[in-house]
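There are 2 protein chains.
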Amino acid sequence: MRVLVVEDYEILAAAVAMGLRREGMAVDVCADGEQALEALAAARYDVVVLDRDLPGVHGDDVCRSVVAGGDGTRVLMLTAAGSVRQRVAGLGLGADDYLPKPFDFAELVARVRALGRRSAAAVPPVLEYADLSVDPARRTAFRAGRRLDLGPKEFAVLECLLRQLGRPLSAEQLLEQAWDAAADPFTTTVKTTVRRLRVKLGDPPLIDTLRGGGYRIGG
Amino acid sequence: MRVLVVEDYEILAAAVAMGLRREGMAVDVCADGEQALEALAAARYDVVVLDRDLPGVHGDDVCRSVVAGGDGTRVLMLTAAGSVRQRVAGLGLGADDYLPKPFDFAELVARVRALGRRSAAAVPPVLEYADLSVDPARRTAFRAGRRLDLGPKEFAVLECLLRQLGRPLSAEQLLEQAWDAAADPFTTTVKTTVRRLRVKLGDPPLIDTLRGGGYRIGG
DNA sequence: GCGCGCCTGTCACCGTGGTGTCACCGGGGG
DNA sequence: CCCCCGGTGACACCACGGTGACAGGCGCGC
């Protein structure tokens with residue numbers, strides 16, 4: 001398992017790296033956000049152990065770009081002040097786990113290992129088109145690095161369209177796939193949902209309309 | 220699977236080509252963007268492995284023209300500086316995957332193979348005649364590389380004619396196949412639709428008229 | 001238990017583009 | 001020479017999709 005540790009406090013970074021290596025993991029270390037982004041672009045990691053307060057590029061931004069990468073890499077956030085509010089904020093960025101300092105070392109190892117297992121299982125299923133990336137397993141969607149806040153139905157429709165990249169889906173087909181069988185065949189909810197999706201996706205437009213033929217992304 | 224490698228750094232190009240050939244792929248190599256565009260015009264490739272920084276025509280432009288071709292060819296972008304920003308930019312051009320240098324060779328092979336599968340899945344159901352190609356699943360039609368903007372009925376008629384390549388279809392037959400059963404048998408809509416189709420298809424004319432016998436493409 | 005907010009679905013309205021009709025024209029064959 | 005078939009251009013209709021506003025419902029937090 002490949003792990004990247006991003007931590008500016010050198011002593012701590014070294015200690016964490018050594019501990020994880022003793023568990024049989026391949027560990028790289030970065031001291032700031034810039035280095036971290038470079039390392040992440042150069043190789044795929046299963047887990048990133050990420051200090052939130054970094055010099056230069058902030059940990060939150062690193063986290064965002066990892067998630068936007070959409071290759072299933074998991075993020076374990078470390079932070080000094082362990083308020084619940086911060087925890088929530090970190091998870092909102094797409095972090096997969098959170099650990100307030102000071103932490104029990106055994107717990108860190110256990111969590112990294114757990115995230116590694118999830119990473120291995122989650123590598124393939126990330127849908128991408130242009131600057132849009134959608135992870136059905138995590139229910140996250142990003143456009144140009146910005147996280148999209150989508151409702152369940154909106155997310156389902158977007159997922160359907162991306163799974164049929166380049167091919168149009170009629171309102172009826174979307175209704176079948178994203179709603180349950182009890183859906184009223186005469187409902188207008190599909191067009192409304194598509195509309196809200198379009199607003200949230202922003203510019204430039206991604207969803208084409210084929211008059212009389214449905215909606216499409218790509219092609 | 221046919222692969223085109225576009226890379227000006229000769230040693231690297233040769234190494235990549237050799238590696239892919241060992242995997243059983245048919246590989247061609249170009250050293251610059253000009254050659255690449257020529258090769259792409261001359262033959263259909265499943266995947267293009269494309270260096271972003273090319274002498275002459277830039278990799279981005281090559282990528283754009285491949286995507287515009289609309290024949291399902293997939294693009295794997297290679298780039299030296301592996302920033303996330305660049306990654307996003309590359310995908311925004313319509314590239315299907317992205318790999319920052321230096322890359323793991325096994326990963327390159329795996330990604331090319333994955334793209335090849337996607338390409339193969341997208342290719343088969345395409346109707347072609349001369350410089351016209353129609354993809355019913357995607358509801359797309361191209362003439363000489365230019366995309367045609369067709370209405371549902373126009374598209375349906377074109378599809379019928381192509382499925383009966385070389386054989387004529389009477390107005391009645393077209394009415395049966397492209398309109399629903401409630402169609403007025405005395406309507407003149409077929410000839411109007413064929414006319415609009417002809418205009419959109421442009422020159423040289425593709426649809427022949429057999430006086431008293433219907434319309435035909437090919438033969 | 002209560003209230004607030006978000007997601008969802010409905011409705012009415014409107015702009016528009018695809019579609020069908022019509023009248024006219026041109027040419028080839030009987 | 002006439003007639004019929006098909007090409008051509010203009011026009012009108014209408015259904016489809018976009019848009020905005022509103023209401024019900026569910027969950028969450030207080």
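Those protein sequence lines, which keep their order, are chains A and B.
Here this note's numbering is used: the first residue of the first sequence is 1, the next is one more, and so on.
Here this note's numbering is used: the first residue of the second sequence is 220, the next is one more, and so on.
Glycine included, every Cβ here is placed at the ideal spot set by N, Cα and C.
Computed from a prediction, not measured in an experiment: that's the story for all the values here.
Item to complete: Give the straight-line distance between the Cα atoms of M244/B and A234/B, rounded to the nearest whole angstrom.
Response: 14 Å
Exercise. Leaving aside the five residues before and after V75/A along the sequence, list all residues of the same chain whose C-beta is less than 6 Å from its C-beta, in chain order.
Key: V48, L50, C63, V66, A95 and D96
CB contact check: L150/A to chain B, cutoff 7 Å: no
*asked:* Using the Cβ count rule (16 or more neighbours within 10 Å means buried), how would you classify T188/A?
replied: Around the C-beta of T188/A, fewer than 16 other C-beta atoms lie within 10 Å, and the residue is accordingly described as exposed.
Query raised in the report: Is the shortest distance between the beta-carbon of T412/B and the beta-carbons of chain A less than 7 Å?
Result: no
Q. My guess is that Y434/B and L384/B are in contact by the Cβ rule of under 8 Å, so how many angstroms apart are they, rounded?
A. The Cβ separation is near 12 Å, so there is no contact.
In whole angstroms, give me the CA-to-CA distance for I436/B and R357/B.
Linking I436/B to R357/B through their CA atoms gives a straight-line distance of about 21 Å.
**Item:** Chain-order list of residues whose beta-carbon lies under 6 Å from that of A212/B (same chain, five-residue window excluded)
**Value:** No information on residue 212/B is available, as it lies outside the stretch 220 to 438 that chain B covers here.
Residue-chain proximity (R362/B, chain A), Cβ-Cβ < 7 Å: Chain A places no beta carbon closer than 7 Å to that of R362/B, leaving this residue out of the contacts.
inquiry  = For G213/A, would you say it is in contact with chain B, using Cβ-to-Cβ distances shorter than 7 Å as the test?
reply    = yes
At least one CB of chain B closer than 7 Å to the CB of L204/A: is that the case? Before going further, note that residue 204/A is Pro rather than Leu in the sequence given. Output row for P204/A: interface = no.
Taking Cβ positions, are L4/A and Y45/A nearer each other than 7 Å?
yes
Q) When the Cα atoms are used, what is the spatial distance from E128/A to V134/A? A) One C-alpha to the other measures close to 6 Å.
Alpha carbons only, please: which of D323/B, T292/B, V225/B and F324/B is nearest the one belonging to P276/B? Note on residue identity: the sequence assigns Val, not Pro, to residue 276/B. Comparing Cα-Cα distances from V276/B to each of D323/B, T292/B, V225/B and F324/B, the minimum goes to V225/B.
### Message
Within 10 Å of its beta-carbon, does E391/B have 16 or more other beta-carbons around it, so buried, or fewer, so exposed?
### Response
exposed
Should R366/B be flagged as near chain A, meaning a C-beta pair shorter than 7 Å?
no
Margin query: Helix, strand or coil, according to DSSP, for D251/B in the structure here?
Written below: coil
Checklist entry - When Cβ atoms are compared, which residues of the segment 151-170 of chain A fall closer than 8 Å to chain B? => result G166, R167 and P168
Nearest to V199/A (by Cα), restricted to the options V126/A, L175/A and L150/A: L150/A
Compare the beta carbon distance of E154/A and T193/A with 7 Å and say whether it is the shorter of the two.
yes
By the three-class DSSP mapping on this structure, what secondary structure does A375/B have? helix
If we call anything under 7 Å between Cβ atoms a contact, is R246/B one with R240/B?
As written in the sequence, residue 246/B is Val, which differs from the Arg given in the question. Going by C-beta atoms, V246/B is nearer than 7 Å to R240/B.
task: State the Cα-Cα distance for the pair A349/B and A156/A, rounded to the nearest angstrom.
output: 40 Å
(message) Since L351/B and P387/B should fall inside the 8 Å C-beta cutoff, what is the C-beta to C-beta distance between them, to a whole number of angstroms?
(response) With a Cβ gap of about 17 Å, L351/B and P387/B do not count as contacting.
Within the segment 381-426 of chain B, ranges of the beta strand (DSSP E) (whole runs, at least 3 residues):
Those beta strand (DSSP E) runs which fall completely within the segment 381-426 of chain B and span 3+ residues do not exist here.
### Segment limits, alpha helix (DSSP H) that includes P231/B
Residue identity differs from the one stated: residue 231/B is Leu in this sequence, not Pro. Unbroken alpha helix (DSSP H) run through L231/B: E229 to R241.
**Asked** In this structure, does DSSP put F361/B in helix, strand or coil?
**Response** Three-state DSSP puts F361/B in a strand.
Using a Cβ-Cβ distance cut-off of 7 Å, determine whether T359/B contacts chain A. Yes - at least one Cβ of chain A is within 7 Å of the one on T359/B.
Practice problem: Determine, using beta carbons only, whether R271/B and M237/B come nearer to each other than 7 Å. | Solution: no
key: Residues sharing a beta bridge with V225/B, DSSP   = V225/B pairs with C249/B and L269/B.
Close beta carbons around G252/B, own chain, < 8 Å, minus the five adjacent residues each side = V225, L273, P274, G275, V276, H277, G278, D280 and V281
Check: Looking at E242/B and V328/B, is the spacing between their C-beta atoms short of 7 Å?
Finding: In this structure, the beta-carbon distance from V328/B to E242/B falls below 7 Å.
Short Cβ contact (7 Å threshold) for L174/A with A183/A
no
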